[in-house]
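Numbering (this note's numbering), first residue to last: 5 to 565.
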Amino acid sequence: MRDIIRLTKVSLISGFNLHSFNIKNIRINKKLWKLLLAIAIIITFAVMYIGYCRFIDKLSLTFIQMNQSYYFNALLYNIMSLLIFIFGIPYIMAYFYFSKETEMLLALPIKPKNLLVSKFLLLMIYEYIIVFLAVTPAFIINGIHQNAGLVYYVISVILLLIIPMAPLALCSIILMLVARVTNFSSKRNLIRGIFLFLITFLAIGIQIYLQNNAVLIERGEFYQNLLTNNETLINMLGNINPLAKCLGTSLVSTLTIRSIMNLLIFIIVNLMFFGLFVVVGDKVYLDGIIGGNEVRSKKKELTDKEFNREINKKSSPYLAIFKIDFITILKTPIYLFNCYGAAIIVPIIIILPLTFGGEISSISIDSILDLYYVNTDFANFIIAGALILTCLFNPTSATTFSREGKYFWISRMIPVKSRDQIIGRSISALLPQIFLVIVLIVGLNSVLDVEIGTYIIGCGLGLLSSVPIILLGMIVDIQRPLLNWSNPQRAVKQNMNVIVTMLLGSIIVLGLGGLTWLLLRLMVDSMIIFGIDLVIILLLTIILYKILKNKIQVRFVEINQ
């Protein structure tokens with residue numbers, strides 16, 4: 005137990021970068037723009053959080069008025085467990101297999117089981133931050149609406165501490181087995197990256213399938229049961245996620261024997277998942293990590309002709325930069341999942357319900373068709389806006405220099421112009437958007453009689469609008485790259501440059517979107533609006549390109565690792 009506590013402490017120091025923290029070095033930054041940026045981030049988060057709490061308040065009241073009060077907390081747990089499972093995938097892979105201190109700790113006389121448990125506890129602490137922010141106000145608001153007593157809030161605290169355990173343990177078990185099986189391959193990291201997406205698709209697909217088959221009764225009978233039985237919805241949810249039903253029926257305003265039993269079942273099942281994680285990890289973890297960073301070279305004897313051809317082969321500098329960045333992303337599962345994940349996962353999330361949703365899918369497709377044909381101009385610009393938003397939330401450009409870490413000095417030393425650095429890295433960041441456009445075109449053609457304006461305005465404008473966002477992300481990252489990280493997850497998901505880019509990029513998105521909406525309301529022709537937007541985008545691209553070019557030239561000289 006002492007080893008586990010010490011290892012967890014080491015993991016926390018490394019994970020939160022506390023080793024470089026010194027309270028004596030804290031000083032108030034007097035630069036106005038940095039203070040304004042910090043204030044803007046705090047205000048933005050506060051506004052979003054207040055909106056979330058208001059939504060939770062209305063949702064809780066709705067279920068209470070429907071006489072389905074048990075369902076609210078159960079639904080919340082079902083959503084949170086799915087999110088913990090999906091977003092826990094890159095964290096588990098990063099901290100279990102790509103953390104720099106792991107190999108150092110393995111050389112010490114430490115039981116692998118203790119190391120594994122300490123890493124799991126670190127991930128639990130990370131998940132607590134999200135769980136406390138998302139679930140705590142929901143439990144409190146629902147308790148206030150039900151006039152719950154002290155016991156309700158005591159049980160709430162117990163559940164908050166346990167909620168991440170089962171989904172995180174299950175995800176860890178699956179990933180450890182995947183790492184063990186793929187450790188023999190020379191392309192293990194690429195295969196693991198593909199498996200991350202497959203696991204995500206499987207989790208989402210199973211959830212959708214279970215939801216579609218949870219109710220096997222007629223609609224009229226369902227509404228009748230909804231009015232007469234206050235456990236109709238939670239029973240349906242229990243068919244999908246039994247633990248959600250246990251949580252919903254244990255967290256009640258009045259303590260009963262049934263609620264106590266369900267609480268005990270919830271705790272015991274979560275502990276069983278944790279125990280299974282420890283047992284499986286003790287058997288397979290070392291086999292999945294040992295040799296994981298070794299590279300097998302492909303030796304091939306070249307003839308004189310082949311040798312001369314290889315050394316004389318020329319390549320455009322920007323294509324070489326793109327190739328290096330793209331291969332780095334492909335070979336690092338965490339980068340692949342975080343940078344290109346949205347472009348692959350979002351279309352699947354949209355397609356699966358429409359494909360396997362039965363009666364609901366046909367209603368959804370009919371609704372989409374009606375909306376498109378009645379409001380074609382609005383629909384075209386909405387598609388463009390959706391593409392811009394996916395680029396805004398994509399961390400590829402905002403971490404392009406940070407991802408290089410200790411190897412950043414190579415980019416500083418190689419004789420490549422700033423222009424080629426920008427073009428090569430921009431292509432890498434633009435690839436997810438191009439993939440989304442291709443998926444969008446194929447998807448629209450399968451369900452709609454698409455007008456040419458949809459391709460020009462929706463897809464074309466959305467793709468072109470992504471360029472200034474990408475350039476902005478690179479400006480933010482080169483200004484203050486995060487080069488000192490212990491695992492690749494910190495370079496992407498725990499990088500403030502991503503948040504700053506989202507905040508600054510939202511100004512561009514809101515400005516462009518507000519102007520477009522205003523012109524549409526004034527009944528201006530859509531092609532004229534497209535032309536105005538295009539001019540603004542081109543001006544922004546030229547301005548940001550010049551700023552980035554100068555920044556790269558200056559910062560490549562200033563930055564000293």
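Every residue, glycine too, gets a C-beta built ideally from N, C-alpha and C.
- Query: For the alpha helix (DSSP H) that D529 lies in, which residues bound it at each end?
  - Reply: Here D529 belongs to no alpha helix (DSSP H), and DSSP marks it neither H nor E.
- Message: Please classify L548 as buried or exposed, where buried requires at least 16 neighbouring CB atoms within 10 angstroms.
- Response: The residue in question, L548, is buried, as its Cβ has 16 or more Cβ neighbours within 10 Å.
- Task: Could you check if Q72 is buried or exposed, using at least 16 other CB atoms within 10 Å of its CB as the buried criterion?
- Result: Counting Cβ neighbours within 10 Å, Q72 comes out buried, since at least 16 surround it.
- Query: When you compare only the Cα positions, how much space is there between R559 and P113?
  - Reply: Taking the Cα positions, R559 is about 43 Å away from P113.
- Message: I need the straight-line Cα distance from K104 to T505, nearest angstrom please.
- Response: Taking the straight line from one Cα to the other gives about 27 Å.
- Item | Between the CA atoms of F205 and I333 - distance to the nearest angstrom | Distance between the alpha carbons of I333 and F205: 20 Å.
- Item | Within 7 Å, strictly: CB atoms of A183 and G292 | Annotated as proximal: A183 and G292, with beta-carbon spacing under 7 Å.
- Local Cβ density within 10 Å of V283, reported as buried at 16 or more and exposed below that: By the neighbour-count rule (16 or more Cβ atoms within 10 Å), V283 is not buried but exposed.
- How would you label T236, buried or exposed, when you count the other beta carbons within 10 angstroms and need 16 or more for buried? Of the other Cβ atoms in all chains shown, 16 or more fall within 10 Å of the Cβ of T236; this residue is therefore buried.
- L267 in three-state terms, based on DSSP: Looking at L267 - three-state DSSP - the assignment turns out to be helix.
- Answer yes or no: do L125 and T12 have a C-beta to C-beta separation smaller than 7 Å? Going by beta carbons, L125 and T12 fall inside the 7 Å limit.
- Simplified DSSP assignment, three categories, for T258: In this structure, T258 counts as coil in the three-state DSSP scheme.
- Taking DSSP as the reference, what is the three-state secondary structure of I418? I418 falls in the coil class under three-state DSSP.
- Rounded Cβ spacing between G440 and A324 (contact assumed at less than 8 Å): The amino acid occupying residue 440 in the given sequence is Leu; Gly does not appear at that position. Contact between L440 and A324 is absent: CB atoms are separated by about 26 Å, not below the 8 Å threshold.
- Query: Beta-carbon separation of I533 and L523 under 7 Å?
  - Reply: Yes, these two residues count as a Cβ contact at 7 Å.
- Query: Alpha carbon to alpha carbon, what distance is there between P141 and S64?
  - Reply: Each residue's Cα considered, the two are about 11 Å apart.
- Item | 7 Å Cβ shell around Y4 - same chain, five flanking residues per side excluded | Here the chain covers residues 5 to 565 and nothing more, so residue 4 does not appear.
- Item | CA nearest to the CA of M5, picked from L87, P116, D481 and F89 | Distance from the Cα of M5 is smallest, within the candidate group L87, P116, D481 and F89, for P116.
- Is T545 closer than 7 Å to F385 when the C-beta atoms are compared? No. Outside cutoff.
- Alpha carbon of G477 to alpha carbon of G389, nearest angstrom: So the two alpha carbons sit approximately 18 Å from each other.
- Can you tell me the Cβ-Cβ gap for I392 and S470, rounded? I've got them flagged as a contact below 8 Å. Contact between I392 and S470 holds, since their C-beta atoms are separated by about 6 Å, short of 8 Å.
- Query: Do you know whose CA, among I8, R262 and C395, lies nearest L507's CA?
  - Reply: Nearest of I8, R262 and C395 to L507, Cα basis: C395.
- Task: Please confirm whether I474 and S430 have their CB atoms less than 7 Å apart.
- Result: With contacts defined by Cβ atoms closer than 7 Å, I474 and S430 form a contacting pair.
- Query: With distances taken between CB atoms, is the gap from P485 to F405 smaller than 7 Å?
  - Reply: Yes.
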